[in-house]
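Quick note on full-length UniProt numbering: the sequence shown kicks off at 1 and runs consecutively. Yeah, the Cβ is synthetic: ideal placement off N, Cα and C, and Gly gets one too.
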Amino acid sequence: MAEDFAKAVEDGLKLAKRIYLGKDKAVMTAPKPPSPPVQGLADYYLPSAPMVYAVISDPRFVDNPDFPSYQPHVYGRCDPPALIPLQMSGVDLEVNCYGDTAFVQISGKWRVHCVMGSHSCDCRIAVPMGNQGSILGVEVDLPKKSYSTELVGLEESKCIEKKARPQDGGFMKPHIFMLTIPQVDGGTNISIKLRWSQKLLYNDGQFTLIVPFSFPEYVTPAVRKISKKEKIQLNVNSGIVTGILCKATSHPLKETKRHAEKFSFLYESEVLTWSKTDFSFTYSVSSSNMFGGVLLQSPPLYDHDQRDMFCVYLLPGSQKSTEVFKKEVVFVIDITNSMQGRPLEATKNAISSAMSKLSPEDSFNIITFSSETSLFSTSMELASKEAIERATTWLSTKSTVEGSTFISIPLEHAYEMLSNTSGSIPMIFLITDGAVEDERNICDQMKKRLKNSGSLCPRIHTFGIGSFCNHYFLRMLAMIGRGEFDAVCDLALIENRIQKLFSNAFSTVLADITVDAFNDHEQIEVYSSCIPDLSFESPLTICGRYEGSFPDTLKAKGILGDLSSVVMDLKIVRAKDIPLDRVLARQEIDLLTAQAWLSENKQLEQKVAQLSKVTCNISEYTRMVLLEKNKIDKAIESSGAQKVKKTDPHKIEDPLAPRKTLLQSLSVGFGDLTATAENIRPGFEEPKLPDAAEIFLKATSNCCGRMCNRCCCMCCIQCCSKMNDQCAIVLTQIFTALAFIGCIECCTLCCGQNGQ
């Protein structure tokens with residue numbers, strides 16, 4: 001899908017050459033499309049900042065809405081449609097950071113500068129988000145209409161008749177959200193507000209925010225006299241952490257306010273071209289040792305759960321000398337046929353890299369599985385250089401095999417190998433791309449085993465590849481095993497994300513964490529049944545609800561890398577300026593959804609749906625809809641008029657009621673047993689028969705010397721003023737077999753000419 005998008009943008013930039021911008025070339029010049037690299041076309045044209053594109057199916061209507069160019073007539077259509085990036089006339093970025101969570105809002109203005117004023121086109125919005133981004137909402141304001149997104153429950157979504165096409169709303173990539181606004185007139189100014197949440201990166205006691213904010217040259221208005229104002233507002237509230245220090249920023253920010261744990265910055269300037277770099281900001285926490293605290297807050301009035309909220313957070317500090325645990329590691333790898341290609345190769349590379357980082361006193365083993373299980377060694381091996389070389393060689397010989405996915409047996413093998421561990425922290429890493437039928441049973445069995453294992457029981461870290469595996473099973477398994485869960489749907493990110501999972505686990509500095517009040521108070525509910533370990537590379541957040549009064553003092557206990565015990569006093573603060581319900585919403589939804597899946601609890605599902613709707617975070621139990629409001633109808637209503645349906649004279653339609661369009665599901669789902677059984681690779685759909693356009697393209701591929709791979713004979717006549725005998729024969733055959741082919745494109749796309 002990303003490749004198709006990139007090709008459409010490339011075609012759109014070529015098509016934009018037709019646009020005439022006036023006689024004064026010194027003042028008005030069309031942005032020249034850049035020359036993309038030979039490789040990496042998709043990445044080159046993917047949005048690196050919020051963008052809006054005109055969706056062009058009919059190239060005849062591409063022109064300046066203010067200065068008609070009277071270009072030569074163009075025949076045919078663009079199929080698939082070309083995407084012309086719209087020019088932007090203003091942008092405001094506002095970021096509010098609370099702890100390790102950032103809420104981003106970008107407001108911008110774009111103009112449909114490439115379509116005749118007498119015609120209209122769809123406009124496609126692209127929203128790239130930062131680390132672990134989650135879309136919260138889109139608002140669009142037009143002269144006659146306005147649009148906004150909203151989340152509704154599954155039952156309500158069944159009553160919405162109008163369904164959007166896949167390309168009209170959804171994720172092009174896991175971090176890029178797309179939304180199409182229908183039929184916007186040429187020359188229209190569009191005001192758009194985009195909102196999402198994302199996580200700050202953490203490393204060596206420093207938090208770093210990175211927001212996609214790098215705009216390509218061709219969105220800068222060609223008319224230089226237009227005022228171009230760029231504004232960035234940053235507000236940081238670190239919770240109860242004091243003594244913070246600003247380290248680095250990508251843009252020249254000016255500090256406007258500072259008070260203890262809160263500070264604000266502002267950047268505002270008239271610019272010639274828009275920002276060419278992502279917005280980044282880094283600040284450090286002064287403490288070099290582990291520390292923690294508790295934030296308390298009453299729920300907002302709209303919250304379905306009226307119990308008070310709490311958030312316990314632990315930070316590892318910046319002391320690199322903190323001793324990490326000795327490790328015993330078992331890698332459990334899915335090698336069914338669906339892992340063929342990049343998934344398995346990336347997994348092998350990540351494991352080989354991880355083994356090289358083990359200390360000689362650590363030990364390891366590798367288990368591969370499909371319908372059968374294979375072990376590198378019958379017992380744990382010390383991580384000597386020779387053993388790691390043998391394991392790397394053994395792993396390199398493993399290839400995908402036909403067969404079903406069986407997770408329980410290799411997981412049992414891994415657990416048995418680590419059951420008698422002492423003086424080290426045992427870890428199991430499960431990597432799979434498939435779903436299995438006995439997932440709930442696996443969770444129940446692991447829960448029983450780990451409950452009876454005592455201190456430093458095996459940790460279970462899970463990693464899912466693609467959408468066919470059940471992410472909530474893997475999340476719950478990691479939760480039970482005090483480990484971490486991660487997953488990717490973008491195959492290009494597999495190796496990097498697996499390595500990050502390994503790195504976090506290998507950097508464990510505090511294990512077997514307990515908080516005294518959690519066991520002594522029945523009225524305190526912790527969403528995570530088992531508290532995961534604290535890693536040097538990531539802060540730890542534990543959230544939940546409570547009734548009545550919260551304890552006045554709180555202590556966290558754990559085991560350090562040298563196996564000594566430690567007790568930390570947690571500072572308790574009632575959060576006043578932090579929207580704790582919004583900050584914790586994403587984590588709550590993910591944890592409660594995993595619990596609802598495991599217990600098959602309908603009440604929990606309803607709770608998740610309600611939380612999803614009020615906090616605007618997508619979930620498995622809600623769907624996103626696009627609301628369309630007509631400003632003309634609103635004016636009629638304000639004047640006292642009422643609209644009556646002709647079919648029912650007694651029924652009065654509310655003119656203010658927005659028209660709803662149901663978007664495609666944005667959630668990942670609960671796995672796909674059928675796709676797993678058929679060994680369908682992640683990122684691949686079932687093969688489709690070639691459509692009419694593909695047949696026509698193949699048949700006309702030798703039409704003439706000047707044809708490109710997207711051209712057809714009618715365009716060839718326009719470009720080359722000729723049609724050879726082969727063209728005539730092909731046209732006769734094709735149009736006899738097919739009633740209509742919509743793949744004819746104009747000579748501008750074919751030959752790169754501007755029609756002059």
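Please name the residue or residues paired with residue i in a DSSP beta bridge.
{"i": "Asp516", "result": "Paired residues: none, contrary to the question."}
{"i": "Met51", "result": "Ala126"}
{"i": "Gln132", "result": "Gln132 pairs with nothing; no bridge assigned."}
{"i": "Asn189", "result": "Arg111"}
{"i": "Ile465", "result": "Val488"}
{"i": "Ile210", "result": "Ser280"}
{"i": "Phe429", "result": "Phe331, His461"}
Flag this pair as yes or no: are the beta carbons of residue i and residue j separated by less than 8 Å?
{"i": "Lys629", "j": "Lys144", "result": "no"}
{"i": "Val140", "j": "Ile181", "result": "yes"}
{"i": "Ser191", "j": "Lys109", "result": "yes"}
{"i": "Cys114", "j": "Val184", "result": "no"}
{"i": "Gly169", "j": "Leu179", "result": "yes"}
{"i": "Val625", "j": "Glu150", "result": "yes"}
{"i": "Ala511", "j": "Ile559", "result": "yes"}
{"i": "Ile333", "j": "Ile428", "result": "no"}
{"i": "Ser275", "j": "Phe369", "result": "no"}
{"i": "Leu611", "j": "Ile589", "result": "yes"}
{"i": "Lys398", "j": "Ile335", "result": "yes"}
{"i": "Val9", "j": "Pro85", "result": "yes"}
{"i": "Glu268", "j": "Lys228", "result": "no"}
{"i": "Ile542", "j": "Asn237", "result": "no"}
{"i": "Cys489", "j": "Pro216", "result": "no"}
{"i": "residue 773", "j": "Asp100", "result": "As displayed, the chain neither begins before 1 nor continues past 756, which places residue 773 out of reach and without an answer."}
{"i": "Lys607", "j": "His304", "result": "yes"}
{"i": "Ile232", "j": "Asn131", "result": "no"}
{"i": "Thr392", "j": "Met355", "result": "yes"}
{"i": "Ala575", "j": "Met476", "result": "no"}
{"i": "Ser197", "j": "Ser134", "result": "yes"}
{"i": "Val583", "j": "Tyr218", "result": "no"}
{"i": "Cys123", "j": "Val55", "result": "yes"}
{"i": "Phe670", "j": "Asn441", "result": "no"}
{"i": "Ser353", "j": "Gln587", "result": "no"}
Could you pull out every residue in the same chain whose Cβ sits closer than 6 Å to the Cβ of residue i, ignoring the five residues on either side in sequence?
{"i": "residue 763", "result": "Only positions 1 to 756 of the chain appear in this structure, which leaves residue 763 out of reach."}
{"i": "Ser284", "result": "Gly205, Gln206, Leu245, Lys247"}
{"i": "His650", "result": "Its pLDDT being 46, under 50, His650 is placed unreliably by the model, and nothing is read from it."}
{"i": "Leu540", "result": "Leu314, Leu534"}
{"i": "Lys7", "result": "none"}
{"i": "Met290", "result": "Pro316, Gly317"}
{"i": "Lys193", "result": "Ser107, Glu139"}
{"i": "Ser69", "result": "Tyr20, Asp63"}
Give me, in chain order, the residues of the same chain whose beta-carbon lies closer than 7 Å to that of residue i; leave out the 5 immediate sequence neighbours on both sides.
{"i": "Gly544", "result": "Phe310, Ile524, Glu525, Val526, Tyr527"}
{"i": "Asp486", "result": "Phe463, Arg497, Leu501"}
{"i": "Ser424", "result": "Phe325, Lys326, Lys327, Glu328"}
{"i": "Gly683", "result": "Gly466, Leu491"}
{"i": "Ala387", "result": "Glu381"}
{"i": "Ala517", "result": "Ile524, Pro551, Leu554"}
{"i": "Ser503", "result": "Glu537"}
{"i": "Leu344", "result": "Ile335, Thr400"}
{"i": "Pro658", "result": "Leu627, Glu628, Lys629"}
{"i": "Leu666", "result": "Gly170, Phe171, Ile618, Met624"}
{"i": "Tyr472", "result": "Thr593, Ala594, Trp597, Phe670"}
{"i": "Ser250", "result": "Thr277, Asp278, Phe279, Ser280"}
Quick test of your reading: residue i and residue j, contact by CB under 8 Å. State the CB separation rounded to the nearest angstrom.
{"i": "Leu570", "j": "Gly292", "result": "5 Å"}
{"i": "Glu620", "j": "Tyr202", "result": "Contact doesn't hold; Cβ gap of about 28 Å is too wide."}
{"i": "Pro299", "j": "Asp308", "result": "7 Å"}
{"i": "Ala346", "j": "Glu484", "result": "That belief does not hold up - the Cβ atoms of Ala346 and Glu484 are roughly 18 Å apart, past 8 Å."}
{"i": "Ser234", "j": "Ser264", "result": "Sequence inspection shows Leu at residue 234; the Ser mentioned does not correspond to that position. Yes, they are in contact, since the Cβ atoms of Leu234 and Ser264 sit about 7 Å apart, within 8 Å."}
{"i": "Ser374", "j": "Ser404", "result": "Contact flag wrong, Cβ pair sits at about 15 Å."}
{"i": "Ile367", "j": "Pro426", "result": "That pair is no contact at about 14 Å."}
{"i": "Lys515", "j": "Ala478", "result": "Position check: residue 515 holds Val in this sequence, whereas Lys was assumed. Their Cβ separation, rounded to whole angstroms, is 20 Å, which puts Val515 and Ala478 out of contact at 8 Å."}
Who are the near neighbours of residue i in its chain, counting only those whose CB is closer than 8 Å to its CB and skipping five residues on each side?
{"i": "Ile480", "result": "Cys443, Met446, Lys447, Leu450, Ile460, Ser529, Cys530"}
{"i": "Phe5", "result": "Ala42, Tyr45, Leu46, Leu83, Met172"}
{"i": "Leu673", "result": "Ala435, Val436, Glu437"}
{"i": "Ala102", "result": "Val95, Asn96, Gly130, Ser197, Gln198, Lys199, Leu200, Leu209, Val211"}
- Inter-stretch contact (C-beta, 8 Å, three-pair minimum) for the segment 120-130 and the segment 42-56: yes
- Message: Three or more C-beta pairs under 8 Å: does that hold for the segment 362-371 against the segment 327-346?
- Response: yes
- Message: Using a Cβ distance threshold of 8 Å, determine whether the segment 660-672 contacts the segment 157-169, with at least three qualifying pairs required.
- Response: yes
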